[in-house]
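Peer 1: Going down the list, the sequences are from chains A, B, C and D. Under the numbering used here, think of the first position of the first sequence as 1, with each following residue one higher. Under the numbering used here, think of the first position of the second sequence as 1, with each following residue one higher. Under the numbering used here, think of the first position of the third sequence as 1, with each following residue one higher. Under the numbering used here, think of the first position of the fourth sequence as 1, with each following residue one higher. Backbone N, C-alpha and C define an ideal beta-carbon position, used for all residues, glycine too.
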Amino acid sequence: MKYSLKTFGITRDILGGKEVIFEMDGEKVGELKLELMARFPEMKSLNSLLVAVNNAYAKDDMVIKEKDEIALIPPVSGG
Amino acid sequence: MKYSLKTFGITRDILGGKEVIFEMDGEKVGELKLELMARFPEMKSLNSLLVAVNNAYAKDDMVIKEKDEIALIPPVSGG
Amino acid sequence: MIKITEKAIDVQKVIETASSLSAGAVNVFIGTVRNNAQGKNVVWLEYEAYEAMAVAEIRKVIDEAANKWNLLGWAVSHRIGTLKPGEVAVVVVVSTPHRKESFEACQYIIDNVKAKAPIWKKEVFEDGEEWVDARPNIATPTN
Amino acid sequence: MIKITEKAIDVQKVIETASSLSAGAVNVFIGTVRNNAQGKNVVWLEYEAYEAMAVAEIRKVIDEAANKWNLLGWAVSHRIGTLKPGEVAVVVVVSTPHRKESFEACQYIIDNVKAKAPIWKKEVFEDGEEWVDARPNIATPTN
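Here you go:
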């Protein structure tokens, strides 16, 4: 499956793009995280990594589809 | 002794003046309060009555002098 | 800055006098005149202060707060005179390095200013007037 | 009002959008850019937001607060883009009937907005830059 990932903060620096096409066999949020850490080992150094699907935080067992809006959410630091 | 009393809030309504000359034999803050309540029974209906001497709250055993700046402080309600 | 004033309070200016480049947090409390009290419409309020003593009492409160928290800036401004509903009666501003202490310090200051500063307000209703908190409340209970 | 904006925040205007004639208390939290972090001078900050989701998350926080306290008015405004020390990054305003709940609600909102809203800041120092809180802090301890 080919997912389009929006990146923010440090994940943009690591993946090198604002919107990145990411191909993998998995179909769940948790698999996406593991695959990202495998291919971009720097991801493992973050304090946390969350994934948002269609503008809401998603749990690891959530199934993602190619047309979903998927975003990588490194530790937030607003305010 | 003749004391000059500054009045505020409801004590001004009760004593009927902004600055009132009050004569009594006592020389202490506590005596002043009792004497005020005796002569102006409405004073007893207040939630509290404090006396300030020279811009600071005074205890009942404080001795007052004629030249002191004495103020009656009914329950405050600023803010 | 401690100010007792008959003029309308410019909140933005009070905030500016309390700001600091090394602060990350500013907490502001604004006390405004409510259009109702004791279940009745408030037409206006009359505030009066024993000014010199009020400034002295507020200064003591600020000194206490400065001993408890790292205040990088602060300001207290209290209006007196005639105020209509919606108008600003008091503003307290504190600047601190971090946000938790800004809330704590600001709340400490307004709580103690209200409890200690010799300032009084009279509520004027359509059918009468009353010095607030002067006597035990025997009015209609509010909802 | 929830706003994510690249323009300088007008604090007074944000306060006005959150005011209410039946409120007696307004609490305002202002987060400003500090001129120092990790013992170093901050030259500027870069803020970015995942805007649609940030608005949605802030709305959830407001809804939670409105369930806990009697909010008569509220506003959250967050700046993004390049900010210099002293500039306002975020403003939270709540109006409530009485003051205690204004402090509680405002603190709840800023705490949760900071924890949940997808907004990020990068500190730019004279000798480098760093996404705040992204990685375990290995910098020089601050005093």
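Which runs of the alpha helix (DSSP H) fall wholly inside the segment 74-143 of chain C and span at least 4 residues, in chain order?
Peer 2: Runs found: 99-116.
Peer 1: Can we say the segment 21-33 of chain A touches the segment 53-69 of chain A, given the rule of at least three CB pairs closer than 8 Å?
Peer 2: A contact exists between the segment 21-33 of chain A and the segment 53-69 of chain A.
Peer 1: Where do the N-terminal and C-terminal ends of the beta strand (DSSP E) with C/T32 fall, by residue?
Peer 2: Counting along the chain, the beta strand (DSSP E) containing C/T32 begins and ends at 25-32.
Peer 1: Taking Cβ-Cβ distances shorter than 7 Å, what residues in chain C pair up with D/F103?
Peer 2: F103, Q107
Peer 1: Measure the alpha-carbon distance for D/T142 versus A/F8 and round it to whole angstroms.
Peer 2: Confidence in D/T142 is poor, its pLDDT being 45 and thus under 50, which makes the residue's placement unreliable; the coordinate value appears in the next sentence. C-alpha separation (whole angstroms): 27 Å.
Peer 1: Roughly how many angstroms separate the alpha carbons of D/H23 and C/V61, rounded to a whole number?
Peer 2: Residue identity check: residue 23 of chain D is Ala in the sequence provided, not His. In a straight line, the C-alpha of D/A23 is about 25 Å away from that of C/V61.
Peer 1: Shorter than 9 Å from the beta carbon of C/E123 to some beta carbon of chain D?
Peer 2: no
Peer 1: Where does C/N67 fall in DSSP's three states?
Peer 2: In this structure, C/N67 counts as helix in the three-state DSSP scheme.
Peer 1: If contact is defined by three or more beta carbon pairs under 8 Å, each pair taking one atom from either stretch, is the segment 43-52 of chain C in contact with the segment 109-129 of chain C?
Peer 2: yes
Peer 1: Against D/G31, what residues of chain A qualify as contacts under a CB-to-CB distance less than 9 Å, listed in chain order?
Peer 2: G78, G79
Peer 1: Using the Cα positions of C/V11 and D/I15, report the straight-line distance between them to the nearest angstrom.
Peer 2: 9 Å
Peer 1: Would you call B/M70 buried or exposed, if buried means 16 or more other Cβ atoms sit within 10 Å of its Cβ?
Peer 2: Contrary to the premise, residue 70 of chain B reads as Ile rather than Met in this sequence. So B/I70 counts as buried.
Peer 1: Taking all protein chains shown into account, do 16 or more other C-beta atoms lie within 10 angstroms of the C-beta of C/H78, making it buried, or fewer, making it exposed?
Peer 2: buried
Peer 1: Suppose only complete runs of 3+ residues qualify. What are the beta strand (DSSP E) ranges in the segment 36-65 of chain C, listed by chain order?
Peer 2: Listed in chain order, they are 40-49.
Peer 1: If we count the other Cβ atoms within 10 Å of its Cβ and call it buried at 16 or more, is C/E57 buried or exposed?
Peer 2: buried
Peer 1: Against chain B, which members of the segment 62-87 of chain C pass a CB distance test of less than 8 Å?
Peer 2: H78
Peer 1: Straight-line CA distance for D/F103 to C/V26?
Peer 2: Counting only the Cα atoms, C/V26 lies some 13 Å from D/F103.
Peer 1: Nearer than 8 Å: is that true of the beta carbon of C/V28 relative to any heavy atom of the ligand HEM?
Peer 2: Of ligands this structure carries none, so the ligand HEM is not represented either.
Peer 1: Starting from the C-beta of A/I14, find all residues in its chain whose C-beta is less than 7 Å away, skip the five residues before and the five after it, and write them out in chain order.
Peer 2: F40, E42, M43
Peer 1: Starting from B/I14, trace the alpha helix (DSSP H) both ways and give me its first and last residue.
Peer 2: 10-15
Peer 1: Measuring straight from C-alpha to C-alpha, what distance separates D/G39 and C/V91?
Peer 2: 33 Å
Peer 1: What separation, rounded to the nearest whole angstrom, lies between the Cα atoms of B/L5 and B/V51?
Peer 2: 10 Å
Peer 1: Report yes if the CB atom of C/G31 is closer than 9 Å to the CB atom of C/I110, and no otherwise.
Peer 2: yes
Peer 1: Who are C/T5's beta bridge partners in DSSP?
Peer 2: Paired residue(s): C/R79.
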